[in-house]
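Just add 335 to the spot in the sequence shown (first one is 1) and you have our numbering. Backbone N, C-alpha and C define an ideal beta-carbon position, used for all residues, glycine too. Comments concern the structure below.
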Amino acid sequence: MNEVSYSIDTTTLRCPLCRSGVWGKGSDKLVCQGPEAHEFPVVRGIARFAGESYIESFGVQWNRYEVVRPEMDIATFHAKTGWFPEDLAGKNVLDAGVGGGRYARLIGQAGAEVIGLDLSSAVEKARKICSDLSQVTILQADLLNPPVAESVFDFAYSIGVLHHCPDPRKAFANVAKSVKPGGQLAVWLYRKNSLPQELLNKALRAITTRLPDSALKVWAKLLTVPGGIPLLKQAGSKVINFSTFEDKHLRLCDNYDWYAPEYQSHHTLAELRSWFLEEGFEEPRELRPEKSGRLYEWVYDHDLIIGSGVNMVGRKRS
Ligand SMILES: C[S@@+](CC[C@H](N)C(=O)[O-])C[C@H]1O[C@@H](n2cnc3c(N)ncnc32)[C@H](O)[C@@H]1O
Ligand SMILES: [Zn+2]
336 MNEVSYSIDT
346 TTLRCPLCRS
356 GVWGKGSDKL
366 VCQGPEAHEF
376 PVVRGIARFA
386 GESYIESFGV
396 QWNRYEVVRP
406 EMDIATFHAK
416 TGWFPEDLAG
426 KNVLDAGVGG
436 GRYARLIGQA
446 GAEVIGLDLS
456 SAVEKARKIC
466 SDLSQVTILQ
476 ADLLNPPVAE
486 SVFDFAYSIG
496 VLHHCPDPRK
506 AFANVAKSVK
516 PGGQLAVWLY
526 RKNSLPQELL
536 NKALRAITTR
546 LPDSALKVWA
556 KLLTVPGGIP
566 LLKQAGSKVI
576 NFSTFEDKHL
586 RLCDNYDWYA
596 PEYQSHHTLA
606 ELRSWFLEEG
616 FEEPRELRPE
626 KSGRLYEWVY
636 DHDLIIGSGV
646 NMVGRKRS
């Protein structure tokens with residue numbers, strides 16, 4: 336019945352318009368089983384359930400910058416989920432906001448059955464990066480109305496995504512609902528900083544989000560300079576956001592990632608914890624950055640590190 340060359344069991348999918356099951360028909364579309372037989376094109380091997388809308392900058396970003404760094408990606412994935420890729424082998428996994436596919440690739444290589452979902456044309460990059468992994472399926476779709484059934488994933492994670500949605504709480508609920516009872520969910524969101532930092536950031540982003548891409552590229556590049564100067568990077572990055580990665584190309588991508596997207600909300604740990612509890616997850620556990628030291632922990636706990644996160648993992652009640 337499913338003629339589309341997807342490795343996933345299509346019972347995992349649901350029509351975002353009527354919630355009926357979705358089946359492949361030919362190699363160029365999926366069709367829902369509802370009375371209206373809604374159709375979704377499959378273009379360049381990716382089923383398209385939604386168009387880019389407000390999220391274009393991410394398509395530009397992930398298709399432009401080469402950010403796969405396998406060793407670093409494993410460390411980041413572990414820090415932000417509490418899991419090692421091998422823990423997910425043979426499991427059904429949702430990457431909610433797959434971006435350019437760096438984490439989907441990791442866990443697909445480790446043997447997980449992955450659905451990587453993203454609203455932007457970043458899906459093109461994700462698909463390319465995972466092209467040798469038949470167990471990774473990339474979908475272009477909206478987390479505010481995702482084409483996935485409830486209670487189907489053993490693991491789901493969303494790293495740096497929900498705060499870019501116009502309604503992060505609703506997107507969280509949708510991802511949470513897709514997790515099976517007993518399954519696990521990990522979410523990383525931007526942390527709410529002190530009021531002066533928040534106000535300055537809002538003012539800056541009110542400008543940068545209106546810049547043409549060419550100017551934004553220059554701004555992102557300029558900000559790679561302080562991020563490479565040891566003393567300046569400690570102090571300056573508490574005033575305005577710029578990336579402090581060692582690798583200059585990663586700094587460039589990270590700066591663009593901060594200043595380009597239309598939506599960027601910041602959250603508290605208490606807020607994220609309440610979302611997990613409201614969606615039926617047992618006492619979620621905070622995941623803290625792997626950096627340590629008394630000074631770092633103090634500034635982190637006082638919400639002074641711009642671009643740092645609030646990060647939790649929880650298990651859904653059985
Ligand atoms: C900062 S990137 C993170 C990508 C990936 N998780 C990573 O860490 O490499 C955020 C991603 O969320 C996606 N995104 C934002 N809002 C979305 C939505 N409503 N539905 C699906 N994807 C969304 C963007 O297109 C973007 O690729
Ligand atoms: Zn339908």
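Item: Which of helix, strand or coil does DSSP assign to C350?; Value: coil
Item: Is the distance from the Cβ of N509 to the Cβ of A457 below 8 angstroms?; Value: no
Item: With DSSP as the reference, label S513 as helix, strand or coil.; Value: coil
Item: Tell me which same chain residues have a C-beta within less than 6 angstroms of the C-beta of H499, skipping the five on either side of it?; Value: P596, Y598
Item: Within the continuous beta strand (DSSP E) that includes P565, where are the two ends?; Value: P565 -> not in any beta strand (DSSP E); alpha helix (DSSP H) instead, spanning 565 to 571.
Item: Quick one: does the C-beta of G359 sit closer than 7 angstroms to a heavy atom of ligand 2?; Value: no
Item: For the alpha helix (DSSP H) containing V395, name the first residue and the last one.; Value: 391 to 399
Item: Where does W610 fall in DSSP's three states?; Value: helix
Item: Check the DSSP bridge columns for T472 and list the partner residues they point to.; Value: I450
Item: Just tell me which of C350, E406, S388, D408 has its CA closest to the CA of A382.; Value: C350
Item: Based on DSSP bridge pairs, tell me the residues matched to P482.; Value: Answer is none; P482 lacks a bridge partner.
Item: With DSSP collapsed to three states, give me the class of H637.; Value: coil
Item: Given this structure, state the Cα-to-Cα distance separating A511 from E614, to the nearest angstrom.; Value: 7 angstroms
Item: Ligand 2 and L352: does the residue's C-beta get closer than 7 angstroms to at least one heavy atom of that ligand?; Value: yes
Item: Where does E374 fall in DSSP's three states?; Value: strand
Item: Taking all protein chains shown into account, do 16 or more other C-beta atoms lie within 10 angstroms of the C-beta of I542, making it buried, or fewer, making it exposed?; Value: exposed
Item: Measure the Cβ-Cβ separation of V645 and T416 and say whether it is below 8 angstroms.; Value: no
Item: Out of curiosity, what's the CA-to-CA distance linking F375 and L474?; Value: 11 angstroms
Item: Just the C-alpha distance for R440 and P501, rounded to the nearest angstrom, thanks.; Value: 27 angstroms
Item: Y492: buried (16+ other C-beta within 10 angstroms of its C-beta) or exposed?; Value: buried
Item: Judging by CA-CA distance, which residue of A521, D430, Y438, Q396 is the nearest neighbour of E406?; Value: Y438
Item: For S549, write down the residues that DSSP places opposite it in a beta bridge.; Value: Answer by DSSP bridge pairing: none, since S549 is not bridged.
Item: Use the C-beta contact count for Y631: other C-beta atoms within 10 angstroms, 16 or more gives buried, fewer gives exposed.; Value: exposed
Item: Along the alpha helix (DSSP H) that carries I442, what are the first and last residues, could you check?; Value: 437 to 444
Item: D638 and N528 look like a contact to me (Cβ under 8 angstroms); what is the Cβ gap, rounded to whole Å?; Value: 5 angstroms
Item: Can you tell me which of the three DSSP states C465 falls into?; Value: coil
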